[in-house]
Amino acid sequence: MSRGELLVKLCRFYSHSQSISRKVSSIRTNGGYLIDENPFKTIFAVEDPFIHERNTTANPWDEEKIHIFNEFSRAYHFLKNPNNRFEDLFGDWIDNTKLNKIILNSIDDKLYNN
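Start counting the sequence shown at 8; every next residue gets the next number (the working numbering).
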């Protein structure tokens with residue numbers, strides 16, 4: 008599997024494969040657990056690798072956490088289409104200089120051809 012395919016599958020997993028109202032995904036446990044069993048009582052948590060009961064993302068509000076899921080979804084829909092270019096995604100933010108176009112094309116080539 009290429010790095011580009013891995014990135015697309017990561018975005019798909021965190022945006023489409025999970026039902027955040029019913030199931031919690033966990034990379035530490037095998038298969039995650041149901042929302043009722045969630046020790047953090049939140050829709051999004053990053054577990055401290057040393058103190059498993061500690062949520063390192065305890066401060067963000069649920070609105071911000073939903074925004075993170077939405078961004079995974081947006082990235083997945085953009086990246087799954089090989090006709091899309093990074094310049095299309097970031098066009099409003101990037102100065103369209105020749106150097107930036109070279110960099111963006113290089114990123115696109117690495118994403119879709121590796």
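Think of the CB as a built atom: it goes at the ideal place given N, C-alpha and C, for glycine as much as any other residue.
The Cβ atoms of Leu-86 and Leu-14 lie closer than 8 Å to each other. Ser-9 sits exposed, since fewer than 16 C-beta atoms from the chains shown fall within 10 Å of its C-beta.
Comparing alpha-carbon positions, the option among Glu-78, Arg-92 and Pro-89 lying closest to Ser-22 turns out to be Glu-78. Comparing alpha carbon positions, the residue from Asp-55, Glu-60 and Glu-71 closest to Glu-44 is Glu-60. Assignment of Glu-54 by DSSP, reduced to helix, strand and coil, places it in the strand class. DSSP places Glu-60 outside any alpha helix (DSSP H), giving it a letter other than H or E. For Glu-12, the uninterrupted alpha helix (DSSP H) segment begins and ends at 10-19.
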